[in-house]
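Chemist: Sequence positions in the sequence shown follow this note's numbering and run 892 to 1380. Ideal placement from N, C-alpha and C gives every residue a C-beta, glycine not left out.
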Amino acid sequence: MRVRWILICLLIIVLAAPAWDQIQPVRAQGGATTTHVVQTGENLFRIALRYGTSWPVLASYNGITNPNLIYVGQVLKIPPAGTVVQPTPVPGATAVPQPTPVPGATAVPQGGTYTVVAGDSLYRIALKFGTTTSAIAALNGITNPNLIYVGQVLKIPAGGTTPPPTTPGQPTVAPPPTSIGSFELGGQVDSFGYPDLMRQAKMTWVKRQLRYKLGDSPDGAAGMINQAHSQGFRILLSVVGDPAQLGAGGDGYMDQFAGFLSGVARLGPDAVEVWNEQNLDREWPMGQINPASYTKMLSKAYTEIKRANASVMVISGAPAPTGAEGAFGVDRVWNDDRYIRGMVSAGAAQYMDCIGIHYNEGIVSPDATSGDPRGDNYYTRYFWGMVNTYSGAFGGAKPLCFTELGYVTPEGYAPLSAGFAWGQNTTVAQQAQWLGRAAQLSRSSGKVRLMIVWNVDFSAYGDDPLAGYAIIRPGGSCPACTNLGAAMQ
């Protein structure tokens, strides 16, 4: 019997060895760690921490020129203790290429350097130094301004300003923007399986939603962030908590949620939307829906996000466009216009960089301001009705960020469910045309900073027809990509 147990134990060890080898560092003779196999969710910074080194040393030792571009299964050599970054390449590593002039660019005089930190973008660095993204790109030989990485040393054009020092231990909070910045376009994805079509549409942002429950680690967001950046996209994370846990935990839950967002911000997303459609009991505890309560959460979240990473753009949670409070009662729903005004009264403007807004019930051109077939002429039916209501509530003091803007069509699918029957007659051609026009209007409005198309590639089609909103249609075509791309020219 004893021999049988010994054999069983040996068999378990043999079978487990391959899996164990995948998660443990490979060790050379004498016990020195020599290699590491990259796992899902890892980045160079965290791997370096694990082995008591730094990511620049690890990157140099492996000939990695962009530390944001590592992949699952990649085998990294771990440098011996005490290794430092040399001015010449480590033997066996690929030399880091020197910047080459951008074709057609004019030489720009140099005026100092800046080291990229988590959450930076070329646009924000340019604002910080009083210069332009194109000037920095030209001076550094950057052909894709979306691809910069933490630790990269950028030469700053002469004539820029030096950013003011921060006091140790004090939160670093970005000052209010003097302008809304350049309009940008993106899309919310499910699989993120169509980056080339998104580029065809001239999208530079991708949106993912992250659900939080008590005890979750913010490290779960790392894979989404790294995937977006590795494809050359900026990423907006819409982070939504658990309504039941919020209802039971109150202020204590808000503090833990804010702490979670702090951890997410340290991973380097480009923007965070704090909650989603908090005027509905689907997303906020029934009987507790109140813009003042949400503003309290937003203030905690904003403070922690900016303390962790001042470069992250904070977007307020977009309410659901609705006029249903008369039918269902304010325990279950608040009309979004009244909810937005309540946020203004509670002081929400000081805790956001951009106002979150949704528009997803249109069945007329975004140019229209009347004539919706439903006959009620309610403002949520119209693109301009939403833009003017939200911008006006804040007195034009904050830009708008459409974190969802889409048109549903059943073309290629079964008829829409009863709750979405109003969209039954919309065609794919109209969806494409209207999305392109909405991008044009947003871009020229002077009020809209960001437009996220709802959605790119969701495939579920039922009572909630997610695939009906998708711009990737059955068969893989994307008529809207052509219209959006033309709108962004």
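#1: Measure the C-alpha to C-alpha separation of Gly1084 and Met1094 and round it to an integer number of angstroms.
#2: Classify Pro1290 as buried or exposed, calling it buried when 16 or more other Cβ atoms lie within 10 Å of its own Cβ.
#3: At what residue ranges does the stretch 1253 to 1304 contain a whole run of the beta strand (DSSP E), taking only runs of 3 or more?
#4: If I measure Cβ to Cβ from Pro970 and keep anything under 7 angstroms in the same chain, skipping five residues before and after, which residues do I get?
#5: Could you pull the DSSP bridge partners for Val1339 from this structure?
#6: At a cut of 8 angstroms, does the stretch 1141 to 1160 reach the stretch 1108 to 1122 through at least three beta carbon pairs?
#7: Give me the Cβ distance between Leu1296 and Tyr1250, rounded to the nearest whole Å; I'm assuming they're in contact under 8 angstroms.
#8: What residues in its chain sit with their C-beta under 6 angstroms from that of Leu1341, if we drop five residues either side in the sequence?
#9: Here's the rule I'm using: 16 or more other beta-carbon atoms within 10 Å means buried, otherwise exposed. How should Pro1212 be labelled?
#10: Under the DSSP definition of a beta bridge, which residues are partnered with His1249?
#11: Less than 9 angstroms between the C-beta atoms of Ala1378 and Arg1328, yes or no?
#12: Going by alpha carbons, who is nearest to Glu1385 out of Thr1294, Gln1315, Gln1241 and Ala1309?
#13: Mind checking whether Tyr1144 and Gly1154 have CB atoms under 9 angstroms apart?
#14: Can you give me the start and stop residues for the beta strand (DSSP E) that Gly1077 sits inside?
#15: What residue range is occupied by the uninterrupted beta strand (DSSP E) comprising Ala1162?
#16: Decide yes or no for the touch test of the stretch 1317 to 1327 against the stretch 1362 to 1375: beta carbon pairs closer than 8 angstroms, at least 3 of them.
#17: Return the chain-ordered list of same chain residues with a C-beta closer than 7 angstroms to the C-beta of Leu1171, the five sequence neighbours on each side being excluded.
#18: Starting from the C-beta of Gln913, find all residues in its chain whose C-beta is less than 7 angstroms away, skip the five residues before and the five after it, and write them out in chain order.
#19: Relative to the C-alpha of Gly1353, which residue among Met1115, Ser1335, Thr1023 and Ala1309 is closest?
#20: Closest to Gly1140 by C-alpha separation, out of Val1163, Lys1104, Arg1125 and Pro1109, would be which residue?
#21: In or out: Gly1247 buried (at least 16 other Cβ within 10 Å) or exposed?
#22: With a 10 Å radius around its C-beta and 16 neighbouring C-beta atoms as the bar for buried, classify Val1044 as buried or exposed.
#23: Taking the runs of the beta strand (DSSP E) that are 3 residues or longer, which of them lie wholly in the stretch 1194 to 1236?
#24: Leaving out the 5 sequence neighbours to the left and right, which residues in its chain are closer than 6 angstroms to Gly1003 when beta-carbon positions are compared?
#25: Is Gln1169 buried or exposed, if buried means 16 or more other CB atoms sit within 10 Å of its CB?
#26: Are the CB atoms of Val1221 and Ala1192 nearer to each other than 9 angstroms?
#27: Since Tyr1005 sits in a beta bridge, which residues does DSSP pair it with?
#28: Please identify the residue among Thr1023, Thr1024, Ala1029 and Ile1039 whose C-alpha is closest to the C-alpha of Leu1008.
#29: May I have the straight-line CA-CA distance separating Glu1252 from Arg1272, to the nearest angstrom?
#30: Let me check you understand the geometry: is the CB of Gly1143 closer than 8 angstroms to at least one non-hydrogen atom of the ligand SAH?
#31: Candidates Ala1135, Trp1175, Ala1113 and Thr1194: which alpha carbon is nearest Asp1146's?
#32: What number of angstroms, rounded off, separates the C-alpha of Arg1364 from the C-alpha of Gln1321?
#33: Let me see if you follow: with CB-CB separation under 9 angstroms, is Tyr1298 close to chain C or not?
#34: What are the boundary residues of the alpha helix (DSSP H) that includes Gln1118?
#35: To the nearest angstrom, how far is it from the Cα of Ile1126 to the Cα of Gly1178?
#36: Count the other C-beta atoms from every protein chain shown that fall within 10 angstroms of the C-beta of Leu940, then say buried if there are 16 or more, exposed otherwise.
Modeler: Taking the structure as given:
#1: 14 angstroms
#2: Classification for Pro1290: buried.
#3: 1291 to 1296
#4: Thr944, Val948, Leu949 and Tyr952
#5: Leu1291
#6: yes
#7: Contact flag correct, Cβ pair sits at about 5 angstroms.
#8: Glu1075 and Cys1292
#9: buried
#10: Glu1295
#11: yes
#12: What is shown of the chain runs 892 to 1380, which leaves residue 1385 out entirely.
#13: Not in contact: Tyr1144 and Gly1154 (Cβ atoms no closer than 9 angstroms).
#14: It spans Glu1075 to Gln1079 - the beta strand (DSSP E) in which Gly1077 sits, taken as one unbroken run.
#15: Ala1162 to Val1165
#16: yes
#17: Ala1211 and Val1224
#18: Its pLDDT being 38, under 50, Gln913 is placed unreliably by the model, and the measurement read from it follows with that caveat. Result list for Gln913: Val928, in chain order.
#19: Closest option to Gly1353, Cα to Cα, is Ala1309.
#20: Lys1104
#21: buried
#22: exposed
#23: 1204 to 1207
#24: Ile1047
#25: buried
#26: no
#27: Leu1045
#28: With the sequence shown as reference, residue 1008 is identified as Val, and Leu is not the correct amino acid for it. Among Thr1023, Thr1024, Ala1029 and Ile1039, the Cα nearest to that of Val1008 is on Ile1039.
#29: Cα to Cα, the separation comes out at about 6 angstroms.
#30: The ligand SAH is not part of the structure shown, which contains no ligands of any sort.
#31: Thr1194
#32: 13 angstroms
#33: Any reference to chain C falls outside this structure, which holds one protein chain only.
#34: Ala1113 to Ser1121
#35: 33 angstroms
#36: exposed
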